[in-house]
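In our numbering, the protein residues as written are 12 to 274.
Glycine residues also receive a C-beta, built at the ideal position from the N, C-alpha and C atoms.
Predicted model only: the values in this text are computed from it and were never measured.
Below: one structure, written as structure tokens.
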Amino acid sequence: KFTFGVLSPANKYLTGVLDMAATLSPKPTTIAMLTANDNFSVEVAKAVEEYAPTKGFQVIFTKQYPAAAPEVSGLISQAARLNPDIVMNSGHLAESIAINKGAKQLGLNAKIFAYSVGPSTPDFIKALGPDANYVFDGSQWTPQVKYKPSFYLSVSDYVKAYKTKYSTTDDPDYHVAESTAACLAFQKAIENAGSLDATKVRDALAGLDVMTFFGQIKFDSRGINTFKPMVVEQIQNGAHYTVFPADVANGKPQYPTPSWSSR
Numbered sequence: 012k013f014t015f016g017v018l019s020p021a022n023k024y025l026t027g028v029l030d031m032a033a034t035l036s037p038k039p040t041t042i043a044m045l046t047a048n049d050n051f052s053v054e055v056a057k058a059v060e061e062y063a064p065t066k067g068f069q070v071i072f073t074k075q076y077p078a079a080a081p082e083v084s085g086l087i088s089q090a091a092r093l094n095p096d097i098v099m100n101s102g103h104l105a106e107s108i109a110i111n112k113g114a115k116q117l118g119l120n121a122k123i124f125a126y127s128v129g130p131s132t133p134d135f136i137k138a139l140g141p142d143a144n145y146v147f148d149g150s151q152w153t154p155q156v157k158y159k160p161s162f163y164l165s166v167s168d169y170v171k172a173y174k175t176k177y178s179t180t181d182d183p184d185y186h187v188a189e190s191t192a193a194c195l196a197f198q199k200a201i202e203n204a205g206s207l208d209a210t211k212v213r214d215a216l217a218g219l220d221v222m223t224f225f226g227q228i229k230f231d232s233r234g235i236n237t238f239k240p241m242v243v244e245q246i247q248n249g250a251h252y253t254v255f256p257a258d259v260a261n262g263k264p265q266y267p268t269p270s271w272s273s274r
């Protein structure tokens, strides 16, 4: 009752990629889903499998592999034989890197490669170099997203303030942003409650509806922020671009992904 989370839940991590894919031409139709067998990754994949048919997609391949043990060449070979339009991985950084390397080595081509975790981190690009290009991911937040907040700083001013505060040229990542957003939710609830009484602040949080640099913060009956979408980003020429939703994007999807042999 007294616990709230500003993050979009796991079941939204890759569904935004499907929303984006449904707008592309020619529209992709088939999906291969690779999933690490930890609870978070399984929940992400389950949401994709349930949501895909509602957007006109067919999941034609779905397999799990041991988390943190990314030997996935066998699964990639199986998926390649089905020639899917979309290859998705619900896993972690090491597994996303391994799948991308394996896709190149084993000739798995797809119009879209999208991974739940990994591409948003600098380590993904460092590990793969140019082979990281064209990969999509769902992210809680990006420094490029064009939200229009009604409370606290704009996205660009937040990024500038972070760089100044910590004397860095690096942009804040979503872990930094979500931590700030949690504090903002708490601050706004205290202001709305006009009190530090725990029950009054809790009730103010339950009724909170505010647009911040991190996106909308509004909680359902469980205290989960189901109202903030994940944003979709893509690596283009070694840099991250927010490409969906279109109204908050700073770039457009590069689609379809060229075959490995033509890059």
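For residue i, list the residues DSSP reports as bridge partners.
i, result
"residue 101", "46"
"residue 175", "Looking at the DSSP assignment, residue 175 forms no beta bridge with any residue, so it has no partner."
"residue 41", "69"
"residue 16", "235"
List the endpoints of the continuous beta strand (DSSP E) containing residue i.
i, result
"residue 124", "123-126"
"residue 221", "220-223"
"residue 76", "69-76"
"residue 150", "147-150"
Measure how close the beta-carbons of residue i and residue j come, nearest whole angstrom, since I'm counting them as under 8 Å.
i, j, result
"residue 138", "residue 119", "The Cβ separation is near 18 Å, so there is no contact."
"residue 101", "residue 156", "At roughly 22 Å, the Cβ-Cβ gap does not stay under 8 Å, so residue 101 and residue 156 are not in contact."
"residue 245", "residue 147", "5 Å"
"residue 169", "residue 230", "22 Å between Cβ atoms; not a contact."
"residue 142", "residue 104", "With 8 Å as the limit, residue 142 and residue 104 do not qualify as a contact, their Cβ atoms being about 15 Å apart."
"residue 149", "residue 24", "5 Å"
"residue 75", "residue 111", "That belief does not hold up - the Cβ atoms of residue 75 and residue 111 are roughly 18 Å apart, past 8 Å."
"residue 226", "residue 177", "With a Cβ gap of about 22 Å, residue 226 and residue 177 do not count as contacting."
"residue 267", "residue 122", "4 Å"
Buried or exposed: where does residue i fall if 16 or more other Cβ atoms within 10 Å of its Cβ makes it buried?
i, result
"residue 106", "buried"
"residue 46", "buried"
"residue 192", "buried"
"residue 96", "buried"
"residue 151", "buried"
"residue 269", "exposed"
"residue 86", "buried"
"residue 35", "exposed"
"residue 32", "buried"
"residue 190", "exposed"
"residue 185", "buried"
"residue 124", "buried"
"residue 127", "buried"
"residue 250", "exposed"
"residue 260", "buried"
"residue 195", "buried"
"residue 29", "buried"
"residue 93", "exposed"
"residue 273", "exposed"
Hey, quick one: how far does the alpha helix (DSSP H) through residue i stretch, first residue to last?
i, result
"residue 135", "133-139"
"residue 28", "26-32"
"residue 85", "84-93"
List, from N- to C-terminal side, the beta strand (DSSP E) runs of 3 residues or more that fit wholly inside the region 196-264. 220-223, 226-229, 242-247 and 250-255
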